[in-house]
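Asks: In full-length UniProt numbering, the protein residues as written are 1 to 286. Please read through the structure below; I'll follow up with questions.
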């Protein structure tokens with residue numbers, strides 16, 4: 001059973017704000033904060049779970065296990081980064097079937113050459129021929145059982161072939177039937193405006209702090225034509241900063257002053273202790 005569907009989410013909030021969860025705990029915190037949905041990104045997931053960079057080093061099995069953990073821990077609708085589908089069209093079909101069966105809301109399928117690389121890193125990336133990307137996209141659309149499970153097409157061509165090529169690819173992906181489009185890493189407000197005026201489908205933008213794309217307010221993105229705003233590094237950056245400062249203080253024999261911290265009961269509540277203890281009390285042998 002799906003927790004929600006893509007069109008309902010878009011109808012409920014404009015633009016749809018999607019903090020990116022990197023593990024089950026961050027997904028629960030996003031839920032407790034009142035967001036209507038969340039995303040799972042490969043950068044944070046692979047970094048937190050395996051301590052690896054987002055360079056296509058993790059297998060589909062490793063990533064899908066982590067996605068299952070996160071999905072099981074939160075009731076939020078989830079939009080998941082599916083990289084380039086983890087192989088050819090056969091792998092794409094398996095990826096779609098696996099994630100749809102998990103009850104996810106949507107996946108993002110990109111057109112990078114495998115192994116893919118993070119779209120905001122200052123490293124060389126390559127995209128597959130557009131015909132190959134279309135074949136993968138058609139396979140993904142055909143593989144889903146329920147059309148409410150959305151396939152979002154992403155192109156990384158902006159950083160490789162230029163903006164015009166990225167828009168042309170996007171138009172071809174929309175013609176294939178993509179439910180939404182994600183042109184990664186535009187570098188200016190002017191480029192964002194051109195993308196927004198070129199399409200009628202829902203558009204995704206990455207509000208990556210320190211990345212290539214201007215970070216704007218949700219209203220500004222909406223006015224430029226974007227329906228979905230991803231925050232891929234917001235939680236991760238702050239977690240790393242907080243832990244780094246706390247550990248530096250501990251090395252000096254003191255606690256880092258970060259203002260009022262959550263008490264231990266809040267931590268146990270986030271992790272569902274009361275729910276599990278209720279099960280123990282009802283059915284366990286006391």
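Using N, Cα and C, we set each Cβ at its ideal position, and we do this for glycine too.
1. Is the distance from the Cβ of residue 154 to the Cβ of residue 110 below 8 Å?
2. Taking buried to mean at least 16 other C-beta atoms within 10 Å of its own C-beta, is residue 75 buried or exposed?
3. According to the neighbour-count rule (16 or more other Cβ atoms, all chains shown, within 10 Å of its Cβ), is residue 115 buried or exposed?
4. Any contact between the stretch 210–228 and the stretch 244–256? By contact I mean 3 or more CB pairs, one from each, below 8 Å.
5. Touching or not, the stretch 127–138 and the stretch 81–92, by the rule of three or more beta carbon pairs under 8 Å?
6. Would you mind working out which of 245, 190, 279 and 170 sits nearest residue 200, comparing C-alpha positions?
7. Look at the alpha carbon of residue 258 and the alpha carbon of residue 28, and state the distance between them as a whole number of angstroms.
8. Does DSSP put residue 11 in a helix, in a strand, or in coil?
9. How many Å lie between residue 51 and residue 221 at the Cα?
10. Which class does residue 154 belong to by DSSP, given the choice of helix, strand or coil?
11. Going by other Cβ atoms of all chains shown within 10 Å of its Cβ, with 16 needed for buried, is residue 272 buried or exposed?
12. Looking at residue 24: is its Cβ nearer than 8 Å to the Cβ of residue 70?
13. Given a cut-off of 8 Å on the beta-carbon distance, is the pair residue 125 and residue 112 in contact?
14. Decide if residue 158 is buried, meaning its Cβ has at least 16 other Cβ atoms within 10 Å, or exposed.
15. Taking C-alpha atoms, which residue in 32, 177 and 190 lies nearest to residue 144?
16. Do residue 106 and residue 6 have their CB atoms nearer than 8 Å?
17. Mark residue 182 as exposed unless 16 or more other C-beta atoms lie within 10 angstroms of its C-beta, in which case mark it buried.
18. In terms of residue numbering, what span does the alpha helix (DSSP H) encompassing residue 45 cover?
19. My understanding is that residue 195 touches residue 167, with C-beta atoms under 8 Å, so please give their C-beta distance in whole angstroms.
20. Rounded C-beta distance between residue 179 and residue 152? I'm assuming under 8 Å.
Replies: Answer, in terms of the structure:
1. The answer is yes: Cβ separation under 8 Å.
2. With fewer than 16 Cβ atoms within 10 Å of its Cβ, residue 75 is classed as exposed.
3. Exposed, because fewer than 16 other Cβ atoms sit within 10 Å of the Cβ of residue 115.
4. Judged by Cβ distances under 8 Å, the stretch 210–228 makes no contact with the stretch 244–256, as fewer than three pairs qualify.
5. Counting Cβ pairs under 8 Å, three or more are found: they touch.
6. The shortest C-alpha separation from residue 200 is found at 170.
7. Their backbone Cα atoms lie some 22 Å apart in a straight line.
8. Looking at residue 11 - three-state DSSP - the assignment turns out to be helix.
9. Those two C-alpha atoms are separated by around 32 Å.
10. Of the three classes helix, strand and coil, the one that applies to residue 154 here is strand, per DSSP.
11. Residue 272 comes out exposed.
12. A contact, by the Cβ cut-off of 8 Å.
13. Yes, these two residues count as a Cβ contact at 8 Å.
14. So residue 158 counts as buried.
15. Nearest to residue 144 by alpha-carbon distance, out of 32, 177 and 190, is 177.
16. Taking a C-beta distance under 8 Å as the contact criterion, residue 106 and residue 6 qualify as a contact pair.
17. Buried is the label assigned to residue 182, since at least 16 other Cβ atoms lie within 10 Å of its Cβ.
18. Its alpha helix (DSSP H) spans residues 42–50.
19. About 7 Å separates the two Cβ atoms, so the contact holds.
20. Beta-carbon to beta-carbon, residue 179 and residue 152 are separated by about 6 Å, close enough to satisfy the 8 Å threshold.
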